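Q:
Structure (structure tokens):
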């Protein structure tokens, strides 16, 4: 286990946390947690998947933005595939296979296979399909590179598509609707009744996605499940760090629980390959060249010496400085707001609360701060409000309280918390109180503690709160994984 400073989420499924090393962590919702290392942060604020802010140690304001595109160095070819070790292979559309070497494409013997497709792993783990159907993948007999030529793979089923995970595991979609993986010299069946997928893309630890030129699917528990994306999916790619990119209209990347972020690819694209969150390739239909994209980065947009910030789902951004002065951000500069608070929480521009230096709760009514009765005596440790005015506080005993209008304060029975954030009553997160060794957990809704070191397996999007017993059972199950 590790130490986590805080967590923040949006009402669209976007979800971030900061660990004790001031590293921003993006929770993708596919059992992977992706660090965004481009800037060390002390505070993070999430409005939605496309509006994420952070503060550095000096209190300067950053926003997560997309990097630019540049042309890949490879000369034009019908279909190129980069591997996790930096190798690049391709096919020319006429059955020929090539490797990018010394700044040019060099032909490689195809062993008699008519190759319209190539799957690239590390250390020469290269596969193709003998395909005379005219389609991109198969069906056909799988062939493997032996260092000098491609040879048929004995005992392999006829393949529709092959994908090699970053850990070297070979996955195969057969032409009889099975999904298999190669275990030593044995093909193991991972799923029967596979949809008529056009292709598959395998990450590590059995994470496999597939597409049918319209929809995206995920292999989970031996069953292919439909994944809702913003548009049609013409191809997809996943990789070692969990990055998932769907190439369609529009091109998007998985950026949270059911949250997809647009990828600003110039023009139309046909193919996509992700090597990690900061190295992805897209085939431009307009130029027949591959474009390289560096993902996202933290860009400084303002100074100000802020100590903490909070963002509403409508993009409203407020902050508090080290002297407890309150500020709002107008898109270019910080504007002073009357009052003195140790922290503010923004659900939207109409729903803003604060804790004063004595731990008392106040609501901002547009002109000033109006007191709100606390659920217990003594100072509150943290406060959060959602865009629907759902209110949450942590008291001096690290207990969570909620107030959902028009109801009164109630104690939902969550684990002891030290920080809370809310987009609305259904999207609440935070971090638990550290144990004696200074370790704690990221927490997401429904009173469930989540061991981030064991990946995020427990996610509940429900109007109610789980009982303490249920929460503790979920916590123990997570810790035992």
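In the numbering used here, the protein residues as written are 74 to 554.
Beta carbons are placed, not taken as given, at the ideal position from N, Cα and C, and that holds for glycine.
Since the structure is predicted, the reported quantities are computational estimates derived from the model, not experimental observations.
(1) Taking DSSP's pairing of strands, which residues face residue 402 in a bridge?
(2) I need the straight-line Cα distance from residue 323 to residue 416, nearest angstrom please.
(3) Would residue 143 be called buried (16 or more neighbouring beta carbons within 10 Å of its own) or exposed?
(4) If residue 414 and residue 394 are in contact, beta carbons under 8 Å, what's the gap, nearest whole angstrom?
(5) Quick one: is residue 237 buried, meaning 16 or more other Cβ sit within 10 Å of its Cβ, or exposed?
(6) Nearest CA to the CA of residue 141: which residue from 514, 499, 372 and 391?
(7) Which two residues bound the contiguous beta strand (DSSP E) that contains residue 352?
(8) Are the Cβ atoms of residue 384 and residue 118 separated by less than 7 Å?
(9) Taking the alpha carbon of residue 85 as the reference point, which residue from 303, 392, 477 and 401 has its own alpha carbon closest?
(10) Taking the straight line between their C-alpha atoms, what separation do you get for residue 103 and residue 218?
(11) For residue 349, which three-state DSSP category applies?
(12) I need the boundaries of the beta strand (DSSP E) containing residue 444, first residue and last residue.
(13) Any idea if residue 227 is buried or exposed, counting beta-carbon neighbours within 10 angstroms, 16 or more meaning buried?
(14) From this set, 92, 317, 82 and 88, which residue's C-alpha is nearest residue 511's C-alpha?
(15) In three-state terms, what does DSSP make of residue 494?
(16) Taking all protein chains shown into account, decide if residue 163 is buried (16 or more other Cβ within 10 angstroms of its Cβ) or exposed.
(17) Looking at C-alpha atoms only, which residue of 261, 260, 233 and 239 is the closest neighbour of residue 283?
(18) Using a C-beta cutoff of 7 Å, does residue 197 count as contacting chain D?
(19) Is residue 120 buried or exposed, if buried means 16 or more other CB atoms sit within 10 Å of its CB?
(20) Taking only three categories from DSSP, how would you classify residue 111?
(21) Three or more C-beta pairs closer than 8 Å, one from the stretch 468-482 and one from the stretch 451-460: is that the case here?
(22) I'd like the list of long-range same chain contacts for residue 365, defined as Cβ closer than 6 Å, with 5 residues on each side in sequence excluded.
(23) Hey, how far is the Cα of residue 210 from the Cα of residue 379?
(24) Whose C-beta lies closer than 6 Å to the C-beta of residue 367 among residues of the same chain, with five residues either side of it excluded?
(25) Identify, in the order they occur along the chain, each residue of the same chain with its Cβ nearer than 7 Å to the Cβ of residue 299, setting aside the five sequence neighbours on each side.
(26) Apart from the five residues on each side of it in sequence, which residues of its chain come closer than 7 Å, Cβ to Cβ, to residue 285?
(27) Since residue 397 is in the beta strand (DSSP E), which residue starts that stretch and which ends it?
(28) If we count the other Cβ atoms within 10 Å of its Cβ and call it buried at 16 or more, is residue 341 buried or exposed?
(29) Taking its Cβ as the centre, do 16 or more other Cβ atoms sit within 10 Å of residue 82, making it buried, or is it exposed?
A: By the coordinates alone:
(1) Counted from its first residue, the chain shown places residue 402 at position 329. Its beta-bridge partners are 390 and 407.
(2) Counting from one through the chain shown, the residue named residue 323 turns up at place 250. Counting from one through the chain shown, the residue named residue 416 turns up at place 343. Those two C-alpha atoms are separated by around 38 Å.
(3) Your numbering for residue 143 matches position 70 in the chain shown. Looking at its Cβ environment, which holds fewer than 16 other Cβ atoms inside 10 Å, residue 143 is exposed.
(4) Locating residue 414 in the chain shown gives position 341, where the first residue counts as 1. Locating residue 394 in the chain shown gives position 321, where the first residue counts as 1. Between residue 394 and residue 414 the Cβ distance is about 10 Å, and since that is not below 8 Å, they are no contact.
(5) On the chain shown, position 164 is the one that residue 237 refers to. Label assigned to residue 237: buried.
(6) Within the chain shown, the letter at position 68 stands for residue 141. Comparing Cα positions, the closest option is 372.
(7) Mapped onto the chain shown, residue 352 falls at position 279. Here the beta strand (DSSP E) through residue 352 covers 352-357.
(8) Counting from one through the chain shown, the residue named residue 384 turns up at place 311. Counting from one through the chain shown, the residue named residue 118 turns up at place 45. Residue 118 is positioned such that its CB atom lies closer than 7 Å to that of residue 384.
(9) Within the chain shown, residue 85 is the residue found at index 12, counting from 1. Comparing alpha-carbon positions, the option among 303, 392, 477 and 401 lying closest to residue 85 turns out to be 303.
(10) Numbered from 1 along the chain shown, position 30 holds the residue referred to as residue 103. Numbered from 1 along the chain shown, position 145 holds the residue referred to as residue 218. Going by the C-alpha atoms only, they are around 32 Å apart.
(11) Numbered from 1 along the chain shown, position 276 holds the residue referred to as residue 349. Correct three-state label for residue 349: strand.
(12) Within the chain shown, numbered from 1, the residue matching residue 444 stands at position 371. Where residue 444 is concerned, the enclosing beta strand (DSSP E) starts and stops at 442-445.
(13) Reading the chain shown from its first residue, position 154 is the one you call residue 227. Its Cβ having fewer than 16 others within 10 Å, residue 227 is exposed.
(14) Mapped onto the chain shown, residue 511 falls at position 438. Nearest of 92, 317, 82 and 88 to residue 511, Cα basis: 92.
(15) Reading the chain shown from its first residue, position 421 is the one you call residue 494. Strand.
(16) Residue 163 sits at position 90 when you count from the first residue of the chain shown. That one is buried.
(17) Within the chain shown, the letter at position 210 stands for residue 283. Residue 233 is the option with its Cα nearest to residue 283.
(18) Absent from the structure is chain D; it holds one protein chain and no more.
(19) In the chain shown, counting from the first residue as 1, residue 120 sits at position 47. Buried, since its Cβ has 16 or more Cβ neighbours within 10 Å.
(20) Taking the first residue of the chain shown as position 1, residue 111 is located at position 38. Looking at residue 111 - three-state DSSP - the assignment turns out to be coil, as it is neither helix nor strand.
(21) Result yes; three or more Cβ-Cβ pairs closer than 8 Å.
(22) Taking the first residue of the chain shown as 1, we reach residue 365 at position 292. Around residue 365: 143, 145 and 354.
(23) On the chain shown, position 137 is the one that residue 210 refers to. On the chain shown, position 306 is the one that residue 379 refers to. Computed Cα separation, rounded: 54 Å.
(24) Taking the first residue of the chain shown as 1, we reach residue 367 at position 294. So the list reads 140 and 351, once near-sequence residues are dropped.
(25) As a working note, residue 299 is residue 226 in the chain shown. Excluding residues within five positions, the ones whose Cβ falls inside 7 Å are 288 and 290.
(26) Against the chain shown, residue 285 aligns to sequence position 212. Its chain contains 268, 269, 270 and 271 as the residues whose beta carbon lies nearer than 7 Å to that of residue 285, once the 5 sequence neighbours on both sides are disregarded; these appear in chain order.
(27) By 1-based counting over the chain shown, the position of residue 397 is 324. Where residue 397 is concerned, there is no enclosing beta strand (DSSP E), given that its DSSP letter is neither H nor E.
(28) Residue 341 sits at position 268 when you count from the first residue of the chain shown. Taking a 10 Å sphere around the C-beta of residue 341, we find fewer than 16 other C-beta atoms and assign the residue as exposed.
(29) Reading the chain shown from its first residue, position 9 is the one you call residue 82. Under a 10 Å Cβ-count criterion, residue 82 is classified as buried, with 16 or more other Cβ atoms of the shown protein chains found around its own Cβ.
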